[in-house]
Every structure is written in C-alpha cells, then in structure tokens.
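Undergrad: To start, I am sharing the structure in question, which I have written as structure tokens.
In the working numbering, the protein residues as written are 13 to 351.
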C-alpha cells in the first residue's frame, strides 16, 4: 500500500509543474512572435504595396486614394483664429503664371467704404492689385477647384481671385476680411465672408509677414529673420507656393476678432499674393442675365475710373462693374482686404 500512496503523492506534486510548463510554452512562443517585426501584423512590410510606398506620412492627400488632386503638408497655425498653412499649395509654374497674367492689369488697391459699400482709396492699404474672373481660364479654374477641395467650401461660394503686389515698404495695416458695412452681407452677395485662402506667389527678401495682430507671437518669431512688424503678432513668413487658410467667423457664425490681420511692410524685394475669399452662401453669377461684364478685365478697368473716363465702351461692355444694374452691386467688385 505504501508504494501506491507514494506514487499518487508524487503525481500530485508534479502536476503543477506540468501545468506551468504548458502555460509557459505559448507565452514563450508569443514573445518570440511579438519580437519578430517581420511577422507582426500591421507592419509596413505586410501592407498592400509593402515598402514601395514612398509617400511622406506627414502629408495629407485630397481626392480619391491614388488620384489625389493635391497632396502636401498642412501645418496648424492656431485656433484663434482657426488657421492652417498648406505647404507648396501652388506649383512654381502656377505662381509664375498668376504674376505674369496679373502684372499688366495692376491698379492701386482700395478699401470698402462702410457708408456706401463702394471702393475708395486709403493710406492704410498701399499695394496694387487686380482681379481674375471666376473660372477665367484653365489655370484659374484648376486652382479654384483645389481650394474648394481642401476647404470643403463650395466653389460657388467664392469670389474671384485677387492678386496683389507689395514693394518699397508697401503694407496693409490691421483689418478684418469680414464686412462691416450692410451692403455686402446680403444674400445677393453671398452673405458674410467665412474664410480666406491667402496664397503666396513670391518670397520677399525682408518683411512682408502676415500677422494676426490680436494674437501673441510664437516664440519662434524672436529670430533676426523676422522684421520688427513681424514680431507684433502671430506671424507667417510668406514663402512662394505656400497658402494660408483662416476663418473670419467662429463655428457658430459669429465674427472672430482674432482674425484681424496685417501685411507687414515689404522692406526688400517684392511680395506677391493671390487671395480667394469664401462666403457663407453661394454668390450669384454676375455674368448671367442682361446686366453683365463681358470682359474679365472689367473690374480692374472700373477701379481705374474708366467708367467715367470711357463711358461709351464701359457701359456697353462692363455694365455690372460700372453699377449700371439697377439696385445691384457687382458681386466681383469687393476689394476689402488681402495680405
């Protein structure tokens, strides 16, 4: 009897050891599996396309996968106002095209008269500029489609693109892009301005920063590459091809004073920019109906006082820009702000 009791007793003593070995076996195998990056599910080597996918993980693509209309880096600027910087949003060729096409039509910039809603000269804004009609040509259309894609704001909510040039200390002091007058915020003009896409067509040698004047500067702006003006608010240095998107309204539709911004004096070199303003509603097409502009340069001609100096031609071909449409103001003729 004693031997049988001994055997049964030894079996009871060895059973826990066997259980431990059984449990440790899968654990050891799991450790080996997890330590092997070549077999870990989800590693790049097991993804479709494998290591041939050379796309920058910091870039964002817009459009169908593999058929993006634009891909690049999008850097947050701040939440007051809501703003982002799109790196290399425009190609070198597009920057050159916009500057070349605009150069012959530049006229002194104006601002909106809050009392009348019309455009008037101002010492606050010393640049020169011009407007492109919406969809004026293939290049303009392609840029407008790209803006609508990345902002998710319908293209019909946008104004025509305005190009500005700053030289020899020219600047635009602190201002907002949202309207203060009662004439430009009605449904016939698309309502209030919602957002701005500011595209830089050149890289000034010195100065020309865009700053949000009601927001403290970032610590990175303490360097010598920033002008004195550029250190007075949250700033962005203009770089050819980059684009700054910011909202003039809060998500609830109220005005955002933090969007107050300025274009610092361009101290050396030239600063060129192109701006697309987007509204909360669609802007009626000014070229539909009998009262229309029949030439894309009508807005610029009207700003140069050609409606008064050359009335026969202008009234026949640029009726809307010359305010010949009873009770209506040209939807394209809104030159308020751009930096």
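Glycine included, C-beta positions come from ideal geometry on N, C-alpha and C.
Because the structure is a prediction, the values reported are computed rather than measured.
For residue 152, would you say it is in contact with chain D, using Cβ-to-Cβ distances shorter than 8 angstroms as the test?
TA: The structure shown contains no chain D; it holds only a single protein chain.
Undergrad: Measuring only the C-alpha atoms, how far is residue 185 from residue 70?
TA: Walking along the chain shown from the start, residue 185 turns up at place 173. Walking along the chain shown from the start, residue 70 turns up at place 58. The straight-line gap from Cα to Cα measures roughly 34 angstroms.
Undergrad: Kindly indicate the opening and closing residues of the alpha helix (DSSP H) around residue 168.
TA: Translated into the one-based positions of the chain shown, residue 168 becomes position 156. Premise fails: residue 168 is in no alpha helix (DSSP H) and is neither H nor E.
Undergrad: At which residue ranges does the segment 209-285 contain complete alpha helix (DSSP H) runs of 4 or more residues, listed in the order of the chain?
TA: List check, alpha helix (DSSP H) in window: nothing returned.
Undergrad: Verify whether the separation of the beta carbon atoms of residue 142 and residue 119 is less than 8 angstroms.
TA: Here residue 142 corresponds to residue number 130 of the chain shown, with the count starting at 1. Here residue 119 corresponds to residue number 107 of the chain shown, with the count starting at 1. Yes, the pair counts as a contact, with Cβ atoms nearer than the cut-off.
Undergrad: Go through its chain and collect everything with a Cβ distance to residue 109's Cβ below 7 angstroms, but skip five positions before and after it.
TA: Locating residue 109 in the chain shown gives position 97, where the first residue counts as 1. 151.
Undergrad: Please report the distance separating the alpha-carbon of residue 304 from that of residue 234.
TA: Within the chain shown, numbered from 1, the residue matching residue 304 stands at position 292. Within the chain shown, numbered from 1, the residue matching residue 234 stands at position 222. C-alpha separation (whole angstroms): 50 angstroms.
Undergrad: Given a cut-off of 8 angstroms, decide if residue 283 and residue 239 are closer than it, judged by their beta-carbon atoms.
TA: What you label residue 239 is simply residue 227 of the chain shown in a count that begins at 1. What you label residue 283 is simply residue 271 of the chain shown in a count that begins at 1. No. Outside cutoff.
Undergrad: Let me confirm a value: residue 327 is counted as buried when at least 16 other C-beta atoms fall within 10 Å, else exposed. Which label applies?
TA: For the purposes of this step, residue 327 is identified with residue 315 of the chain shown, where counting begins at 1. Residue 327 comes out exposed.
Undergrad: Once the 5 residues before and after residue 312 are set aside, which same chain residues still bring their CB inside 7 angstroms of it?
TA: Indexing the chain shown from 1 puts residue 312 at position 300. Here the set comprises 117, 119, 142, 143.
Undergrad: Return the first residue and the last residue of the beta strand (DSSP E) that residue 98 is part of.
TA: Position 86 of the chain shown, counting from 1, holds the residue named residue 98. From DSSP, the beta strand (DSSP E) with residue 98 extends over 94-98.
Undergrad: Going by DSSP, what residue range makes up the alpha helix (DSSP H) through residue 110?
TA: On the chain shown, position 98 is the one that residue 110 refers to. Element bounds for residue 110: 104-115.
Undergrad: Please classify residue 315 as buried or exposed, where buried requires at least 16 neighbouring CB atoms within 10 angstroms.
TA: Taking the first residue of the chain shown as 1, we reach residue 315 at position 303. Buried, because 16 or more other Cβ atoms sit within 10 Å of the Cβ of residue 315.
Undergrad: Within 10 angstroms of its Cβ, does residue 297 collect 16 or more other Cβ (buried), or is it exposed?
TA: By one-based count along the chain shown, residue 297 stands at place 285. Classification of residue 297: exposed, given that the 10 Å Cβ count is below 16.
Undergrad: Can you name, in chain order, every residue of its own chain whose Cβ lies under 7 angstroms from the Cβ of residue 334, other than the five neighbours on each side?
TA: Position 322 of the chain shown, counting from 1, holds the residue named residue 334. So the list reads 314, 319, 326, 327, once near-sequence residues are dropped.
Undergrad: Decide yes or no for the touch test of the segment 66-85 against the segment 258-275: beta carbon pairs closer than 8 angstroms, at least 3 of them.
TA: No: the two stretches stay apart, fewer than three of their Cβ pairs being nearer than 8 angstroms.
Undergrad: To the nearest whole angstrom, what separates the beta carbons of residue 204 and residue 195, a pair I think is in contact under 8 angstroms?
TA: Sequence index remark: in the chain shown, residue 204 carries index 192 (1-based). Sequence index remark: in the chain shown, residue 195 carries index 183 (1-based). Wrong, their Cβ atoms sit about 12 angstroms apart, outside the cutoff.
Undergrad: Among the residues of its own chain, which have a CB less than 8 angstroms from the CB of residue 180, if the five just before and after it don't count?
TA: Position 168 of the chain shown, counted from the start, is the residue given in the question as residue 180. Closer than 8 angstroms at the Cβ level, and outside the excluded window around residue 180, lie 278.
Undergrad: Where does residue 293 fall in DSSP's three states?
TA: Indexing the chain shown from 1 puts residue 293 at position 281. Note: residue 293 maps to coil in three-state DSSP.
Undergrad: Consult DSSP for residue 333 and reduce its assignment to one of helix, strand or coil.
TA: Here residue 333 refers to the residue found at position 321 of the chain shown. Three-state result, residue 333: coil.
Undergrad: So residue 312 is in the alpha helix (DSSP H); what residue range does that whole segment cover?
TA: As a position in the chain shown, residue 312 is number 300, starting the count at 1. Residue 312 -> alpha helix (DSSP H) spans 310-315.
Undergrad: Quick check: what's the CA-CA separation for residue 274 versus residue 112?
TA: Locating residue 274 in the chain shown gives position 262, where the first residue counts as 1. Locating residue 112 in the chain shown gives position 100, where the first residue counts as 1. Distance between the alpha carbons of residue 274 and residue 112: 25 angstroms.
Undergrad: Would you kindly work out how many angstroms separate the C-alpha atoms of residue 225 and residue 246, rounded to a whole number?
TA: To locate residue 225, count along the chain shown from 1; it is residue 213. To locate residue 246, count along the chain shown from 1; it is residue 234. Straight-line Cα distance between these residues: approximately 7 angstroms.
Undergrad: Tell me the rounded alpha-carbon separation between residue 210 and residue 324.
TA: Locating residue 210 in the chain shown gives position 198, where the first residue counts as 1. Locating residue 324 in the chain shown gives position 312, where the first residue counts as 1. Their backbone Cα atoms lie some 36 angstroms apart in a straight line.
Undergrad: Report the option in 229, 218, 237 whose CA atom is closest to the CA atom of residue 178.
TA: On the chain shown, position 166 is the one that residue 178 refers to. Of the listed residues, the one whose Cα sits closest to residue 178 is 218.
Undergrad: Take the Cβ of residue 172 as the centre, count every other Cβ of all protein chains shown within 10 Å, and call the residue buried at 16 or more, exposed below.
TA: Taking the chain shown and counting its residues from 1, the one referred to as residue 172 is at position 160. Flag for residue 172 reads buried.
Undergrad: Does the beta-carbon of residue 237 have 16 or more other beta-carbons within 10 angstroms, so that it is buried, or is it exposed?
TA: For the purposes of this step, residue 237 is identified with residue 225 of the chain shown, where counting begins at 1. With fewer than 16 Cβ atoms within 10 Å of its Cβ, residue 237 is classed as exposed.
Undergrad: Check each candidate in 220, 95, 156, 221 and name the one with the smallest Cα separation from residue 263.
TA: For the purposes of this step, residue 263 is identified with residue 251 of the chain shown, where counting begins at 1. Considering only alpha carbons, the answer is 95.
Undergrad: Could you check what DSSP says for residue 41 in three-state terms: helix, strand or coil?
TA: Mapped onto the chain shown, residue 41 falls at position 29. In this predicted model, residue 41 has a pLDDT of only 49, less than 50, meaning its place in the structure is not dependable enough to derive any value.
Undergrad: Just curious, the beta strand (DSSP E) that residue 174 is in, first and last residue?
TA: Locating residue 174 in the chain shown gives position 162, counting from the first residue. Run containing residue 174: 174-178, per the beta strand (DSSP E) assignment.
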